[in-house]
Amino acid sequence: MAVKLTVYAGSSLLSRDKERLRENADTLDVDLVMRPPIIRGDLLRTPTEGKWDNRTLILDGQFGQNLSVSVTEIREYLGRGLYLAGASSMGALRAVECRTLGMIQHGWVCEQYLAGHVEADAEVALLMDPVTSEALTVPLINVRWLLRKLSERGELDTATAATALETARRVGYRNRTPEVLANAFRRVLPTGASDLLARRLEPDTVPDWDRKRLDGIEAVRTELRALARFPSPA
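Here the sequence shown is numbered in my numbering, starting from 1 and rising by one per residue.
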C-alpha cells in the first residue's frame, strides 16, 4: 500500500488540476485522496493509520452552511502525533492559527497572514457552487495578489492599485463576480487601468492569477514530493 495524502479541496483546485495531481501522485506511488471542502467533524474521521507517511492537507472548508473545522479538533488531531498542513483558503487560516500546535503552512496566502499584511478571514471568502465547488466570486486575497503583481511590473501605479483594492473591498464576497468587479473598476479608475483589469477578469484568464489555486497546487505537489521519499511498506 502506498503512502497517503488526503486533501480537502473545493474551489482552490479546478477539475483539471485534480486530474493532473492524481497523475503526479501515481507517478510518485502516493495514494492521493481528494475530499470535498472540510466541515467540522471531518478531520477526526479522517483515517489515521501511520504517522508522517499518512498526511492530511486542508485547502478549502465551509463556514456558512456548515460549521467550520475548529481549532479544538485540530489540536486533538495533532495531539495524536498526526501530520496536518494547510494552504490557500480555510486551510491557510487554520494553519496560521494553529502553527504553534504543529500545523504546517504552505504558500503566499499563509505568508500574508503570518506577516500581518492581511488579518480578516473575509479576505479568502467566496461564493461557491454547492454541487461542483466551483468558485462563483473572486476572493479579495486574489485581487490583492493581482494588483501587487501589476504594480511590481509597472502596469499599475501604486495609487491606482490602492484605489482598485479599496473598490474591491467594498463589494461583498457574495457579489464579487468578475463582471461586477470589472464594472466597479470602470466607475472609479482611469480607462487604461480599468481595461487592464477587465482583461484579467475574463473567465479564461482568472485561473492564471488565482493565488489560492496556485498555492493549492504547489502545496499538494510539495506534500507529494515529501511523501515520495518514504519507503513503501513491505
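Built from N, CA and C at the ideal position, the CB exists for glycine as well.
Asked: Any 3 or more C-beta pairs closer than 8 Å across the region 86-101 and the region 115-126; Found: yes
Asked: Exposure of Val237, with buried meaning 16 or more beta-carbon neighbours within 10 Å; Found: Nothing can be reported for residue 237, as the shown portion of the chain is limited to 1 through 234.
Asked: Outcome for Asp204 when other beta-carbon atoms lying within 10 angstroms are tallied against a minimum of 16; Found: exposed
Asked: Beta-carbon proximity list for Glu223, same chain, < 7 Å, skipping 5 on both sides; Found: Leu5, Arg55, Leu57, Ala85
Asked: Local conformation of Tyr8 per DSSP, three classes; Found: strand
Asked: Pairwise C-alpha distance: Ile38 and Glu218; Found: 19 Å
Asked: Rounded separation between Gly192 and Trp108 - CA only; Found: 28 Å
Asked: Selection from Arg153, Leu28, Leu13, Arg22 that minimises the alpha carbon distance to Gly61; Found: Leu13
Asked: Cα-Cα separation between Ala2 and Arg22, rounded to whole angstroms; Found: 13 Å
Asked: Given 8 Å, three or more beta-carbon pairs between the region 65-73 and the region 167-186; Found: no
Asked: Nearest-angstrom Cα separation, counted from Met103 out to Arg148; Found: 28 Å
Asked: Boundaries of the beta strand (DSSP E) in which Asp31 is found, first to last residue; Found: 30-35
Asked: Helix, strand or coil at Ala168 [DSSP, three-state]; Found: helix
Asked: Three-state secondary structure assigned by DSSP to Ala234; Found: At Ala234 the pLDDT is 43, less than 50, meaning the model places this residue with poor confidence and gives no usable figure here.
Asked: For Asn54, the residue or residues it bridges with in DSSP; Found: Lys4
Asked: CB contact flag (Leu140, Arg169, <8 Å); Found: yes
Asked: Coil, strand or helix - Gly86 by DSSP; Found: strand
Asked: Test item: CB-CB of Ser15 and Met128 under 8 Å; Found: no
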